[in-house]
Every structure is written in C-alpha cells, then in structure tokens.
Amino acid sequence: MTRFVFITGGVVSSLGKGISSAALGALLQARGFKVRLRKLDPYLNVDPGTMSPFQHGEVFVTDDGAETDLDLGHYERFTGVPARRSDNVTTGRIYSTVIARERRGDYLGATVQVIPHVTDAIKEFISDDIGDADFVLCEIGGTVGDIESLPFLEAIRQKANELGRDRAVFVHLTLLPHISSAGELKTKPTQHSVKELQSLGIQADILLCRSDREIPDEARRKIALFCNVPVECVIAAPDVGTIYEVPVVYHEQGFDVQVCKHFGIDTEVEPDLGGWRRIVETIRKPEGKVTIAVVGKYTQLPDAYKSLAEALNHGGFANNVNVDLNWIDSEIFETEDAVHHLESVEGILVPGGFGERGAEGKIAAVRFARERKVPYFGICFGMQMAVIEAARNMAGIARAGSTEFGPTPEPVVGLLTEWKRGNTVERRNVESDLGGSMRLGAYPCRMKPGTLAHEIYGADDISERHRHRYEVNINYGPRLEAAGLVFSGLSPDGVLPEIIELPDHPWFIGVQFHPELKSKPFDPHPLFKSFIQAAVERSRLV
Ligand code: GLN
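Under our numbering, the first residue of the sequence shown is numbered 10, with each subsequent residue one higher.
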C-alpha cells in the first residue's frame, strides 16, 4: 500500500523545501521503507531545459533523458533512488497533455476545464509509475498563495480525499521570522499561510517551521492552537551548518516519527542514521583543505552548479578534506592575465556551459592548467574547450573552434546531427526545436585500456548522463592524438569522443557527460574522488 506525503511551502520561497523533502525521504528509507520523490512545478515551461540557469538554477538530467528541476538532484543524492522522467511535471506539460487529448477528441465533446480535466491530469501524474514504493513524497513548487499553484493544490486536496487520511499526509514548511525589536519569533505569517491552505480545503497535518534560533515551547503551543494541529506536529527546522546534517536534525525534532504516527506506523525502533552522522563528522573535522577554481559563466548563482558543488564536496569527503570553491567568471581571463587568479589553487574545473560569451577565457584557464600542470577537470563544455585548446596550442590548428559560436574554418567541435540511442538513430539539424532536443540522458561509453580514466573507473564499459548539442569532431582524432591527446572513452560505435586525457600531466581529464549528476555523499563519483586526490597531492607539493 503506497502512502502519499504532500509537501507545500508557505510564507516565503527558498526555505529549502527540496532538501526537507529529500531528508524525509532519507529518514523513511532509514526506517526500511521504499520511497519515491517527485516535484510538481507550477510554471508554464514544459520542462526547465530551455530556462536560463540565472532563472532556474541547474537543470538536473535523469538517466531516461528528462531535463528536470534541481530538487530531483537533492532527492537522488539523499536517497540514492535514481530520479526518472515521471518524477517531475510542470503546468506546461500538464496543459500540453490535456490540449493534445482535446485535439484527439478524447474528451468526447465535453467542455475542457481546469477542474476536472487539468486536476485529473495532475492526479494521474502523482500516482503514475510508482512501482512498489511504500511512500511517494510530492513536493509542490512555489509558495501557497501563488495563482499558478492553485490547480496543483486542488489536485492534492482531491487526491488525499480519494485516498483517505490514513494514506495521505500534508506537510507545510513555513518560516518563523525573528523580529529583533520585539525580541521574538513571530508566528503570524505561519498562521496566515496555514489559513490560506485551509481556505483551499487543505488542513496541514505537520508544520515544519524554519527559524534561525530555537523555538520556545510557548510559540509552538501558540502555532498548534491557531493552526489546528497537535503541538508535537509543530516541528522545529533550525538552520544547520551543512545540508547533510538535515536528516539527523529533523529526526531529533521528531519529523519522521510524526509522519509515521499519522499513518499508524510503529516507531519504537530507531532508524539507522549512522551513515549520516559519519558524513557530518567528516565535514566537521577534515584533515586538510584544497581550493578548486571553478571557471564558469553563472558564477554569481551557485544554484546553477548545484550538483557540481555537491560532487566536489563528496570528493572531499572521500579524501577527508574540505573543498573550498573559488568561483571565477571566465570572462576575466579575456582581459587580464589569468595567472594571479589561478596560481594558488590546487585544481581547475571548467563546468558545462552554453554560448560563446566567456569561452576564450575558459580556453585560457585550460591552457594555464595544462602548462602549469595543475589538475584539470573539464565537464561537457569544459571538455570541448580543452580539446579546442589542445588543437590550437598542441596540434597547431590555430583556428580551431566550435560551430556553437558560428561558422568556423576548423570545426574541432561541431553540431551533433545524428547519433544512436540503443537501436534507433536520433537526427537533428540547425532548424530543430531547442526544447528537449539535445543528446540527453544515459549513454554507454567504452573505455580505452591503460588510460587514467580506465583505471579510475575500474571498468571497461560505463554509463553516464549527457546534455549537449555539440560534440568533439572525431575526424580531428588522428591529428589530436599525434599531438599527445588521448581519447580514453568513446561511444561504443567509436564515433563520439566521451573522455579525453593528457598522459603527460598529473591529472588532466575532460568528459563529454555530467558525472556530477550521479555522485552521492555515501558513494562519491570516482572522477571527483580522484580529482580531489590529485588536488590534495598538489597541495603537498606547493
Ligand atoms: N554547449 C555545449 C553543447 O551543447 C556544452 C553543453 C554542456 O556543457 N552541457 O554541446
């Protein structure tokens, strides 16, 4: 029997609903339950794939090739359950489905309306593809009171009513602001937010209250009284030092116990949170520190590189060090000498990216890393820039470029027009729609024996997630190899370069895929583990 947890947010956005949902997923898992986590996003884009990282932060890609909300990354990192296309839906997708059905004539002449047609489509999504999950956790994006989220709130109200209250629980995340002149945590915004939900027919069962300090019992009693919940269901969600502390802290506050109690589940046996406690210990007592420069374009908005930052942290956990990230806008390397910005770092990483702006700066950073033998990790765009740098400065192809930036006499990186997905051939051209049309999701890669990448993975065949439209042009392979670049991983048909490396360097690897998407705190990705290890070794040298 699957139970549903609906998680809504009130008062303000950015309270960490995604992390809270992920943490509850982890706690239920630690109690032996199978969980699935999903997100309902109220915006009109069909998926976040076409949105700028400045708008939306990172786009998280699933194995089955969906471009999804970054919260799915938190879910996957905290629970280890691979996210799927069926775990993220938007208003845009719901409406496209409903309109397609209307055009097909599926509604048999009915007037198509938000209730019941849109809400039915949302409910179908909520219970689709849940397999044998004991719990499905559904996070509703946005904040209660937004016009856009109304159909979603109506759908979860209906769904809970159909399931019965013993199979559905409403968790509401709110904020208790501290007003210094009054010296008090204020409960009124929470009361208003809960009332707003009540006016939509939803009674919150559990309130998760964010605050920057301890919540006095009196405030909890007041919230319980006004919000119509038992006082033990007013859970404190204090600020913590690292997101990996959240499961332990929420457990100490009784979050998972109250969720279980709602469903009549016995909570006498303590969940095993040993792994989480150990991670927190490692973070608190590192044996050292390394600094990694991340040379990218969206550096003012760390959300744009969420999984990347976490994967670097995981690499740090594996080596018992703290990883300091030095976010550098690549454009500065186009006007100034790169040296003094990069001289003191132990590793340089160029992450995924799009468009010409800042590309020459990234190429300059690659050159610095190569020539000065600083560990270099290029991801997707970062690999493409590394190959262009090698083409220009090692293979003597002075005008090497990418067709992403317009016509170029030496298209060392070019538009992917055709590739294999299993037994089918995917085709694209310059006219193709931008949405959902990249080479997306998990693809196999065959490793070249004897290379560093092969040794790091310890496997002949691997699978990683992709999100790119351009690709290193294999026709330049012989010239690049003659100059010293090694193609350490290729698509199984030998056509698409997936991994490159430089043997005459302590650690220089570029990958066409996004390994950061699969790294977990308990299972750091081998490339990140090895990259940070190389950075630790460099820190001992200098
Ligand atoms: N812009 C490049 C491409 O489309 C790289 C994409 C990326 O880094 N994710 O191929």
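The C-beta atom is built at its ideal place from N, Cα and C for all residues, glycine as well.
Annotation: Glu254 is outside any beta strand (DSSP E) and is labelled neither H nor E by DSSP.
For Gly114, the shortest C-beta to heavy atom distance toward the ligand GLN is 7 Å or greater. Apart from the 5 residues on each side of it in sequence, Ala119 has no Cβ closer than 6 Å to any other Cβ in its chain. Between the ligand GLN and Gln122, a heavy atom-to-CB distance of less than 7 Å is absent. In the three-state reduction of the DSSP assignment, Ile508 falls in the strand class. Apart from the 5 residues on each side of it in sequence, Phe342 sits with its Cβ closer than 7 Å to the Cβ of Gly370, Ala373, Ala374 in its chain, given in chain order. Around the beta-carbon of Ala109, fewer than 16 other beta-carbon atoms lie within 10 Å, marking it exposed. Partner residues in a beta bridge of Pro160, as assigned by DSSP, do not exist. In the DSSP assignment, Tyr479 falls within the beta strand (DSSP E) that extends over 479 to 481. An exposed status is given to Leu53, since fewer than 16 other beta-carbon atoms sit within 10 Å of its beta-carbon. Counting every other CB atom within 10 Å of its CB across the protein chains shown gives Arg448 a total of 16 or more, marking it as buried. By the CB criterion at 8 Å, Leu146 and Leu209 fall outside the cutoff.
Look at Gly101 here: in three-state DSSP terms it is helix. At a cut-off of 7 Å, the beta-carbon of Cys389 counts as near the ligand GLN: some heavy atom of the ligand is closer than that.
By the neighbour-count definition (other C-beta atoms within 10 Å, threshold 16), Asp226 is an exposed residue. If you draw a straight line from the Cα of Leu499 to the Cα of Pro360, it comes to about 20 Å.
Excluding sequence positions up to five before and after Glu148, its CB lies within less than 6 Å of the CB of Ile16, Lys26, Ser30, Lys48, all in the same chain and listed in chain order.
If you draw a straight line from the Cα of Val90 to the Cα of Val238, it is about 32 Å long.
The distance from the Cβ of Ala492 to that of Met403 is about 4 Å, consistent with a contact at the 8 Å cut-off. Spatial neighbours of Tyr452 in its own chain (CB-CB distance under 6 Å, excluding positions within 5 residues in sequence) are listed in chain order as His475. In the structure shown, Glu419 falls within a strand segment according to DSSP collapsed to helix, strand and coil. The DSSP-derived three-state label of Trp516 is coil. The Cβ-Cβ distance between Arg547 and Val332 does not fall below 8 Å.
Counting along the chain, Leu317 sits inside the alpha helix (DSSP H) bounded by residues 315 to 328. Only residues of its own chain outside the window of five on either side were considered, and among them Gly27, Ile28, Ala31 have a CB closer than 7 Å to the CB of His83, listed in chain order. Within the region 87 to 149, the runs of alpha helix (DSSP H) at least 4 residues long that lie entirely inside it are, in chain order, 100 to 113, 128 to 136. Taken in chain order, the complete alpha helix (DSSP H) segments of 4 or more residues contained in the region 439 to 485 are 461 to 466. With a threshold of 7 Å, the Cβ atom of Phe363 counts as near the ligand GLN, since some heavy atom of the ligand is closer than that. Annotated three-state conformation of Ser500 is coil, per DSSP.
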